[in-house]
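Data first, discussion second: the structure below is written as structure tokens.
What follows is the structure in structure tokens.
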């Protein structure tokens, strides 16, 4: 099936396949580097980074950000807490939930991992995508993500 616009013809199934395979390969490469150098995986890095940038977030906030189930995110937070990187604090506004905070160790891990992540991602992308093209790709993905999030498309069922 093709999508035709005034500028181009795009094979949508191929586009989808390319998107998914690129994401998987980048994720796996970053996962390997983060595991080797910092003892964390990409999903942990992303959660730690989100919590660093959103103090007082709850598990539901992580689930919404990553379009994941609350149960899965809660188990992920349990693992981060067990490592000593995250602490749960009572939520004064809602006793049914906890507020999440990075510990000092969590802050150190995410900051060190972020340098590795950024360096690795820069190398992977700059080797294959020219700077001006990368800017166009970034804008297209940002627009697509915004539309999907606005319309609440792709959220887990449970």
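Residue numbers (my numbering): -9 to 148. Glycine residues also receive a C-beta, built at the ideal position from the N, C-alpha and C atoms.
Residues sharing a beta bridge with residue i, DSSP
| i | result |
| --- | --- |
| residue 78 | 90 |
Close beta carbons around residue i, own chain, < 6 Å, minus the five adjacent residues each side
| i | result |
| --- | --- |
| residue 146 | 59 |
Span of the alpha helix (DSSP H), counted from its first residue to its last, around residue i
| i | result |
| --- | --- |
| residue 140 | 121 to 140 |
| residue 36 | 32 to 43 |
| residue 59 | No alpha helix (DSSP H) contains residue 59, which DSSP labels as neither H nor E. |
Whole-angstrom C-beta distance between residue j and residue i, which should lie under 8 Å
| i | j | result |
| --- | --- | --- |
| residue 40 | residue 52 | 6 Å |
| residue 110 | residue 19 | 7 Å |
| residue 114 | residue 5 | About 20 Å separates the two Cβ atoms, so there is no contact after all. |
| residue 99 | residue 9 | Going by Cβ atoms, the distance from residue 99 to residue 9 rounds to 30 Å, so no, they are not a contact pair. |
Top-ranked residue by Cα proximity to residue i, from the options
| i | options | result |
| --- | --- | --- |
| residue 138 | 126, 57, 75 and 25 | 57 |
| residue 49 | 67, 11, 118 and 42 | 67 |
| residue 92 | 84, 101, 85 and 86 | 101 |
| residue 45 | 97, 131 and 134 | 97 |
| residue 136 | 107, 11 and 55 | 55 |
| residue 106 | 14, 32, 3 and -1 | 32 |
Sequence-distant residues of its chain with Cβ nearer than 7 Å to residue i (five each side left out)
| i | result |
| --- | --- |
| residue 103 | 24, 28, 30 and 35 |
| residue 78 | 71, 88 and 90 |
Neighbourhood of residue i by C-beta distance below 8 Å, restricted to the same chain and skipping five residues each side
| i | result |
| --- | --- |
| residue 74 | 93, 95 and 96 |
| residue 64 | 49 |
The ligand NAD heavy atom lying under 7 Å from the CB of residue i
| i | result |
| --- | --- |
| residue 82 | The ligand NAD is not among the ligands present in this structure, which contains no ligands whatsoever. |
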